[in-house]
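Worksheet: the structure to be examined is printed underneath.
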Amino acid sequence: MLQTLDRGIGLFCKYASIALLLVLFFLLGLSIILRLVPLFTISGYDEVVEFLFIWLIVLTTVALWREGVLYRVTLFETMLPLRGQVVLAVVTNLAMLGLALILVYYGWLFAVSAGETAPFLRINKVYWHAALPVGGVLMSIYSLVWLWRVIWQRETLDQNNNLIG
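Each residue of the sequence shown is one higher than the last, beginning at 1 in UniProt numbering.
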């Protein structure tokens, strides 16, 4: 059940990021064309681009976080013995967990206290700002799962930095 949920989150983050990036490229390309040939204007353009960009960054970060490749310097990892690689990975992941928890806490405070409304769309921008705590919660869960697997299940890393039991 949890593996299915994990795969679903992974696929959602991956394909939603691709879709958001494609929509952003389309809108930015359309904006360039409309500057050269002003056939019509796009109302609320800035608000839509801002919304898409925020969620693109957060979902892409969650996808990379899930894979464990966001904060890694493999040069340092390969210089250490296997036990040192595990210790470095745990310390790095604890720092990542701290960052994720900060995103949850301060992202939530920011989202609920901003009280901003998009001028054209007339939508509360809590939907824009909600990306921070939502992403932070997912990042925290993935950090905790990874720490559980490494510390309590005594898993280590193989030569390709993949966890082995």
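Cβ atoms here follow ideal geometry from the backbone N, Cα and C, with glycine treated the same way.
Item: Residues near residue 142 by beta carbon distance below 6 Å, same chain, minus five either side; Value: 65, 66
Item: Close-in-space but distant-in-sequence residues of the same chain around residue 56 (CB under 8 Å, 5 per side omitted); Value: 17, 20, 21, 24
Item: Which of helix, strand or coil DSSP assigns to residue 117; Value: strand
Item: Residues near residue 128 in its chain [Cβ-Cβ closer than 6 Å; skip 5 each side]; Value: 51, 54
Item: Buried/exposed call for residue 79, threshold 16 Cβ in 10 Å; Value: exposed
Item: Inter-stretch contact (C-beta, 8 Å, three-pair minimum) for the segment 80 to 95 and the segment 110 to 130; Value: no
Item: 9 Å Cβ cutoff met for residue 100 and residue 139; Value: yes
Item: Length at least 3, wholly inside the segment 68 to 120: the beta strand (DSSP E) runs in chain order; Value: none
Item: Beta-carbon gap between residue 132 and residue 97 smaller than 9 Å; Value: no
Item: Residue 62 vs residue 13 beta-carbon contact at 9 Å; Value: yes
Item: Pair within 9 Å by beta-carbon distance, residue 93 and residue 30; Value: no
Item: Residue 70 versus residue 11: straight-line alpha-carbon distance, rounded; Value: 17 Å
Item: Span of the alpha helix (DSSP H), counted from its first residue to its last, around residue 4; Value: 2 to 36
Item: Cα-Cα separation, residue 28 to residue 4; Value: 36 Å
Item: Classification of residue 135 by the beta-carbon crowding that lies within 10 angstroms, buried from 16 upward; Value: buried
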